[in-house]
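Quick note: the sequence shown uses full-length UniProt numbering, first residue 1, plus one each step.
Ideal Cβ placement from N, Cα and C applies to all residues, glycine included.
Reading through the structure tokens given below for one structure.
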Amino acid sequence: MKIALLHLDVAEGPETRNRRSIISAAGEAVSRGADWIVTPETALQGYFFYDNNGKLPSFSEKQLSRYMFFAGRNKADMFLSAAEYDERDGKGYNSCFVINREGKLLGKHRKMCSHRKGFERWLSLGRETHVFNIGTLHVGLLVCADSYYEQPCLEIKKKKADMVLVTAAWPPGKCCSDPVSVWETCSKLCGVPVIVCNQTGYHKRMDMREAESAVIVEGQRLFTYKGAPAVLFCEWDEEKMRIRSRAFEVVHVK
């Protein structure tokens with residue numbers, strides 16, 4: 001099984017630009033045989049969207065149709081990270097939507113752990129972890145800082161995930177000089193491989209160029225990537241239930 005991570009420059013937005021970038025990179029991924037497509041944290045609007053416009057996201061489940069169509073047409077499972085507006089409670093959530101290869105929405109995970117300050121002052125917190133059944137796999141899903149805390153990791157372990165996907169907007173910084181070490185601990189706590197889709201780009205507010213996408217196995221980084229926007233491919237052996245690759249296949253994109 002071929003997994004594609006969209007390691008893109010999307011933090012600044014706007015949504016119209018990011019939408020084109022996501023669909024273009026996803027098209028590149030499926031043209032090269034990707035079975036799964038994973039986007040980084042808040043990929044649709046960009047991590048700085050609230051700083052830029054001061055408004056809650058307007059995106060809701062009703063607007064997933066183009067991505068559901070893409071997934072169904074290309075027979076690829078898609079993990080779409082977006083700032084979500086919940087029309088029922090009027091709140092904003094940092095979410096990752098899971099769309100299967102039939103083009104159906106399986107569900108979503110809402111970020112559970114955040115300081116809710118600065119770039120994240122707009123969001124409300126999710127309340128539970130999720131493990132999704134995708135084909136023969138049980139897939140845990142975390143958004144960025146969720147992976148830092150013990151409780152979400154242990155909950156995913158209890159739910160018997162086969163692997164964990166993390167969507168992130170996390171370069172090295174003062175609070176954490178080596179985010180990959182966090183994901184190594186996450187892998188140990190969850191007891192399964194962890195695959196991280198991060199992002200890139202220079203921004204005055206946060207330099208993402210050193211942010212790493214990563215594959216972690218048995219608590220050890222197996223391989224990572226940082227740098228220019230790219231689609232990163234890795235292989236999962238469905239029979240042996242383990243990572244087959246020993247490095248990312250890197251395809252640079254605009």
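Answer yes or no: do residue i and residue j have a C-beta to C-beta separation smaller than 9 Å?
i, j, result
"Glu-84", "Asn-52", "no"
"Pro-57", "Leu-6", "no"
"Lys-188", "Glu-218", "yes"
"Glu-235", "Ser-245", "yes"
"Leu-80", "Ile-22", "yes"
"Leu-105", "Met-68", "yes"
"Ala-214", "Trp-183", "yes"
"Leu-141", "Val-164", "yes"
"Arg-101", "Arg-66", "no"
Give me whichever residues DSSP pairs with residue i in a beta bridge.
i, result
"Phe-223", "Val-215"
"Trp-236", "Ile-243"
"Ala-93", "Position check: residue 93 holds Tyr in this sequence, whereas Ala was assumed. DSSP lists Glu-84 and Ser-124 as partners of Tyr-93."
"Lys-2", "Glu-235"
"Cys-197", "Thr-167"
"Ala-230", "His-7 and His-252"
"Lys-108", "Phe-97"
"Ile-22", "Ile-22 is not bridged to any residue."
"Ile-156", "DSSP, once it has assigned bridges, lists no residue as partnering Ile-156."
"Val-38", "Leu-5 and Phe-79"
Report the residue from the options whose alpha carbon sits nearest the alpha carbon of residue i.
i, options, result
"Val-250", "Pro-229, Asp-86, Val-196 and Asp-207", "Pro-229"
"Ala-169", "Cys-144, Met-163 and Pro-152", "Cys-144"
"Asp-77", "Phe-97, Glu-61, Gln-63 and Ile-243", "Phe-97"
"Val-166", "Gly-201, Gly-173, Phe-70 and Cys-197", "Cys-197"
"Gly-126", "Arg-101, Tyr-93, Lys-158 and Leu-141", "Tyr-93"
"residue 262", "Tyr-47, Gly-33, Ala-4 and Gly-27", "The structure shown does not extend to residue 262, since the chain is modelled only from 1 to 254, so the question has no answer here."
"Met-112", "Ser-124, Glu-212 and Lys-75", "Ser-124"
"Glu-87", "Arg-66, Ser-60 and Leu-141", "Ser-60"
"Met-1", "Ile-99, Arg-221 and Ile-37", "Ile-37"
"Ala-4", "Ala-25, Arg-17, Arg-101 and Val-10", "Ala-25"
"Gly-118", "Gly-54, Leu-222, Ala-247 and Glu-28", "Gly-54"
"Lys-108", "Ile-99, Arg-116 and Met-206", "Ile-99"
"Gly-33", "Glu-128, Pro-14, Ala-71 and Asn-18", "Ala-71"
"Val-139", "Tyr-149, Lys-159 and Gln-151", "Lys-159"
"residue 322", "Met-206, Ala-211 and Ser-181", "Any answer about residue 322 is impossible in this case: the structure gives the chain only from 1 up to 254."
"Gly-90", "Trp-122, Arg-17 and Arg-73", "Trp-122"
"Arg-173", "Met-206, Ser-114 and Tyr-149", "A quick correction: the sequence has Gly, not Arg, at residue 173. Of the candidates Met-206, Ser-114 and Tyr-149, the one whose C-alpha sits nearest the C-alpha of Gly-173 is Met-206."
"Glu-128", "Arg-110, Glu-120 and Gly-135", "Arg-110"
Does DSSP put residue i in a helix, a strand or coil?
i, result
"Ala-168", "coil"
"Ala-83", "strand"
"Trp-122", "coil"
"Asp-51", "helix"
"Asp-77", "strand"
"Gly-140", "strand"
"Leu-64", "coil"
"Phe-132", "strand"
"Val-253", "coil"
"Arg-17", "helix"
"Gly-103", "coil"
"Val-180", "helix"
"Val-30", "helix"
Only counting the same chain, and skipping five residues up and downstream in sequence, which positions put a Cβ closer than 6 Å to that of residue i?
i, result
"Pro-179", "Trp-170"
"Cys-186", "Ser-147, Cys-153 and Val-194"
"Ala-247", "Phe-223"
Can you find a CB in chain C that lies within less than 9 Å of the CB of residue i?
i, result
"Arg-17", "Of the chains in the structure shown, none is chain C; there is only one protein chain."
Near residue i, what residues of its chain come up, given a Cβ to Cβ distance below 8 Å and the 5 sequence neighbours on each side ignored?
i, result
"Arg-209", "Pro-171, Thr-200, Gly-201, Tyr-202, Lys-226 and Gly-227"
"Leu-64", "Leu-80, Phe-97, Ile-99 and Leu-105"
"Arg-242", "Pro-193, Val-217 and Trp-236"
"Glu-15", "Leu-44, Gln-45, Gly-46, Phe-49 and Phe-59"
Once the 5 residues before and after residue i are set aside, which same chain residues still bring their CB inside 7 Å of it?
i, result
"Glu-28", "Val-231, Val-251 and Val-253"
"Lys-75", "Arg-101"
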